[in-house]
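First up is the structure itself, then whatever we jot down about it.
Chains as they are written, first to last, in my numbering: chain B, 163 to 274; chain S, 1024 to 1136.
What follows is the structure, given as structure tokens:
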């Protein structure tokens, strides 16, 4: 049973560029959430997708957008990258209505 | 506005002793609490959770205690083992539906052999 997978593992971009991160949820899960974890901080909630719609959103600007596909996989897009966007981006999946989330290994984004 | 707080950035404990990690929250709407463990270069791993209708939940060496009146929870690890060395995150949510999970800043536990 594959857990949550994310790609790529690492990514280096320059300011102003755009990036797309990908996530495949754990088998049987239908809800995907994205988190940003800056160095020395806890994961910060970006948004959550269920049935291909954004259901909840944290305090992140519109430069952060996402998508969920019919197979429940998801993408996180960040436009006009800033140095401060450098972080570990985590994807988590669960069954809607259940509290326990399962995390992927994350994508380390570095913005130069 | 940090709604979930872990005021101890680090903790060192001897192998075999008890590790106690603390967490405070400010949002009265939170009714479900979770602890995650994170090793370097890995995503957080779910450890144990507790609903607000309980004040204690045990799973093997791990016990979580919840004091709703104080808005405080703690994770006890007994006995502590070197493999427990990791960063521990406390998290809270309002259960059901499309709830978002709010994390604390983490406590780095080092278990000394």
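Heads up, the beta-carbon is just placed ideally off N, CA and C, and yes, glycines get one too.
Proximal residues to residue i (C-beta, below 7 angstroms), its chain only, five neighbours per side dropped
i	result
residue 170 of chain B	269
residue 276 of chain B	Only positions 163 to 274 of chain B appear in the structure, and residue 276 of chain B is not among them; the question remains open.
Same chain, Cβ closer than 6 angstroms to residue i, neighbours up to 5 away in sequence not counted
i	result
residue 1062 of chain S	1109
residue 234 of chain B	187, 192
residue 274 of chain B	176
residue 1077 of chain S	none
residue 220 of chain B	207, 208
residue 212 of chain B	193, 258
residue 1056 of chain S	1073, 1096, 1115
Beta strand (DSSP E) segment containing residue i, residue limits
i	result
residue 1035 of chain S	1033-1037
residue 1078 of chain S	No beta strand (DSSP E) contains residue 1078 of chain S, which DSSP labels as neither H nor E.
residue 1131 of chain S	1130-1135
residue 239 of chain B	236-240
residue 174 of chain B	172-175
residue 229 of chain B	226-230
residue 209 of chain B	206-212
residue 260 of chain B	Unbroken run through residue 260 of chain B: none, as it is neither H nor E.
Beta bridge counterpart(s) of residue i as assigned by DSSP
i	result
residue 1057 of chain S	S:1072, S:1114
residue 1047 of chain S	S:1028, S:1095
residue 1082 of chain S	S:1085
residue 1100 of chain S	S:1042, S:1085
residue 216 of chain B	B:211
residue 249 of chain B	B:271
Min CB distance residue i to chain B below 8 angstroms
i	result
residue 1123 of chain S	yes
residue 994 of chain S	This structure gives no information on residue 994 of chain S, because the portion of chain S shown stretches from 1024 to 1136.
residue 1112 of chain S	yes
residue 1097 of chain S	no
residue 1051 of chain S	no
8 angstroms Cβ cutoff, residue i in contact with chain S
i	result
residue 237 of chain B	no
residue 252 of chain B	yes
residue 190 of chain B	no
residue 205 of chain B	yes
residue 223 of chain B	no
Any non-hydrogen atom of the ligand COA within 7 angstroms of residue i CB
i	result
residue 181 of chain B	What this structure holds is no ligand at all, so the ligand COA is not there to describe.
Checklist line | At least 3 beta-carbon pairs within less than 8 angstroms: the stretch 193-207 of chain B vs the stretch 1121-1134 of chain S | finding: yes
Notebook entry, point to check: Can we say the stretch 1082-1099 of chain S touches the stretch 1037-1049 of chain S, given the rule of at least three CB pairs closer than 8 angstroms?
Noted result: yes
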